[in-house]
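Notes follow once the structure below has been shown.
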Amino acid sequence: MNGRLRLHMVCGLLMHSSLAVTTEGLPLGLTAAKFWTRTKFKGTNALKRRINPTRVPIEEKESYRWLENMRQSTALLGDPGRLVHIGDRENDIYEFFCETQALGTHFLVRTCVDRLAGDGGHTIADEMSETTVKGVHRVSVGKDDHADIELRYRRIQVLPPIGKQKRYPSLSLTILHARECGTPEGRPPIDWRLITDLPVTTPDEAIEKLDWYAQRWKIELFHKILKSGCRAEDARLRTAERLANLIAIFCILSWRLFWMTMINRTAPDASPRLVLTDGEITLIDRLAAYRKNGSASRTLADYLTQIARLGGYLARAHDPPPGNIVIWSVSADRRWR
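Below, the structure is given as structure tokens:
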């Protein structure tokens, strides 16, 4: 075993996924999923020291997956003007910004690069340092804490990276900085630096964009269900094709569990048939020994609670609605399978 691992590098299978989410945070499903493998993991930092990554065509980079998923998602959803593609700092890619404009769609990305701006003699940070505070917004941090955030925003002419200025045009983009006032105890201060093609002219519009970016956390919750609930990383199939097929099934299951949990929080009084088939309703009635007066209301919340009870949820009066963990524990239990 030790000798084999030394001679054969096992790189595994990677997945880059895109999740459609409403502005209220309801996950609608995966819009794109790309699987790939790396030929090697070691030596990439040394390679960057020898080759300027900004001069390498985006098509030759692993980060090209951001553009591929964005194109696939835009084509699938079919209404580019209503879409806003949200990404973390890894998505701070100039070619991505240009491609969204070419497709007539929008983006909201957290930045990690201080790009050249204006006439090229200064950067985005230089211009934002001269921008006054336009408003203060209070947000909740955890259960018992809050933070007051200063809002700065400005429309800036952003230039393409050096070495790509002949291929890509400059773009007029909005820079939005949200930084916490003061220094909190026990945690780093909130400091979001966002870039978008959408206009931001008032504090309310800035707060709206912050709320939208906060929905990016939904993809992390989806991946948590996929990894911890479905245990996708524990699969030991022989080929990448088989593993990709299995993970695709896990993705559907993970989304449905996530969707049921979230829709139960937004519409608990809805009909259970909104998320369950007649057969599933009958099965839940039998498994949970559901006993109620025939005239009583049987809502979506009632059925999700019965499912959660199978996983140990106590359903006490002060308990919050069942979450993803308890729902996936039921799906993994033999009684539910």
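Residues -22 to -1, 1 to 315 in mature numbering (1 follows the signal peptide of the UniProt record, and there is no 0) are what the sequence shown lists, from first letter to last. Here a beta-carbon is modelled for each residue, glycine too, at the ideal position from N, C-alpha and C. Quick caveat, the model's predicted, so the values are computed rather than measured.
How far does the beta strand (DSSP E) with residue i in it extend, from its first residue to its last?
{"i": "Q135", "result": "D123 to V136"}
{"i": "R157", "result": "L149 to E158"}
{"i": "S232", "result": "Counting along the chain, S232 falls outside any beta strand (DSSP E), though it belongs to the alpha helix (DSSP H) covering A218 to T244."}
{"i": "R88", "result": "H84 to R88"}
{"i": "I173", "result": "D169 to T174"}
{"i": "L(-4)", "result": "L(-9) to V(-2)"}
{"i": "R116", "result": "G113 to V119"}
So, residue i versus residue j, is the Cβ gap smaller than 8 Å?
{"i": "L204", "j": "Y191", "result": "no"}
{"i": "L(-4)", "j": "W14", "result": "no"}
{"i": "Y291", "j": "I262", "result": "no"}
{"i": "I102", "j": "I140", "result": "no"}
{"i": "L129", "j": "H115", "result": "yes"}
{"i": "G98", "j": "A184", "result": "no"}
{"i": "P246", "j": "T277", "result": "yes"}
{"i": "I127", "j": "R157", "result": "yes"}
{"i": "L293", "j": "I305", "result": "The sequence given here has Ala at residue 293, not Leu. Not in contact: A293 and I305 (Cβ atoms no closer than 8 Å)."}
{"i": "C76", "j": "Y146", "result": "yes"}
{"i": "T9", "j": "L54", "result": "yes"}
Please report the straight-line C-alpha distance between residue i and residue j, rounded to a whole angstrom.
{"i": "C208", "j": "R132", "result": "44 Å"}
{"i": "D182", "j": "W237", "result": "29 Å"}
{"i": "T83", "j": "P58", "result": "4 Å"}
{"i": "S206", "j": "G301", "result": "14 Å"}
{"i": "A295", "j": "T283", "result": "12 Å"}
{"i": "G7", "j": "P299", "result": "22 Å"}
{"i": "S41", "j": "H63", "result": "15 Å"}
{"i": "H201", "j": "R243", "result": "20 Å"}
{"i": "T174", "j": "Q193", "result": "15 Å"}
{"i": "S148", "j": "V136", "result": "6 Å"}
{"i": "G257", "j": "R264", "result": "11 Å"}
{"i": "L254", "j": "T260", "result": "10 Å"}
{"i": "S118", "j": "D189", "result": "12 Å"}
{"i": "C159", "j": "T152", "result": "22 Å"}
{"i": "L86", "j": "G65", "result": "7 Å"}
{"i": "H(-7)", "j": "E38", "result": "17 Å"}
Around the Cβ of residue i, are there at least 16 other Cβ atoms within 10 angstroms (buried) or fewer (exposed)?
{"i": "R312", "result": "For R312, the predicted model reports a pLDDT of 44, less than 50, meaning its position is unreliable and no value from the coordinates is stated."}
{"i": "W44", "result": "buried"}
{"i": "Q143", "result": "exposed"}
{"i": "V(-2)", "result": "buried"}
{"i": "W233", "result": "buried"}
{"i": "I230", "result": "exposed"}
{"i": "T179", "result": "exposed"}
{"i": "W195", "result": "exposed"}
{"i": "P138", "result": "buried"}
{"i": "E73", "result": "buried"}
{"i": "G164", "result": "exposed"}
{"i": "H155", "result": "buried"}
{"i": "G272", "result": "For G272, the pLDDT reaches just 42, beneath the cut-off of 50, and the residue's location in the model is therefore unreliable, leaving the point undetermined."}
{"i": "V111", "result": "exposed"}
{"i": "P5", "result": "buried"}
{"i": "V308", "result": "buried"}
{"i": "D297", "result": "exposed"}
With respect to the alpha helix (DSSP H) encompassing residue i, which residues constitute its N-terminal and C-terminal limits?
{"i": "W256", "result": "Note on residue identity: the sequence assigns Asp, not Trp, to residue 256. D256 to L265 is the extent of the alpha helix (DSSP H) around D256."}
{"i": "T9", "result": "Looking at the DSSP string, T9 is not in any alpha helix (DSSP H); the run it does join, the beta strand (DSSP E), is P5 to W14."}
{"i": "T161", "result": "Here T161 belongs to no alpha helix (DSSP H), and DSSP marks it neither H nor E."}
{"i": "T283", "result": "L278 to L288"}
{"i": "L55", "result": "Y42 to L55"}
{"i": "H201", "result": "W195 to K202"}
{"i": "I64", "result": "No alpha helix (DSSP H) contains I64, which is instead part of the beta strand (DSSP E) from V62 to G65."}
{"i": "S107", "result": "I102 to S107"}
{"i": "I185", "result": "P181 to A192"}
So that I know if they touch, is there some Cβ in chain D lying closer than 8 Å to that of residue i?
{"i": "S(-6)", "result": "Structure shown: chain D not included; a single protein chain is present."}
Exercise for the section: Evaluate the contact criterion for the stretch 250 to 258 versus the stretch 224 to 231: three or more CB pairs, one atom per stretch, below 8 Å. Expected result: no
Handout entry: contact_flag[the stretch 47 to 66, the stretch 118 to 125] where n(CB pairs < 8 Å) is 3 or more
Key = At 8 Å Cβ cutoff, the stretches do not touch.
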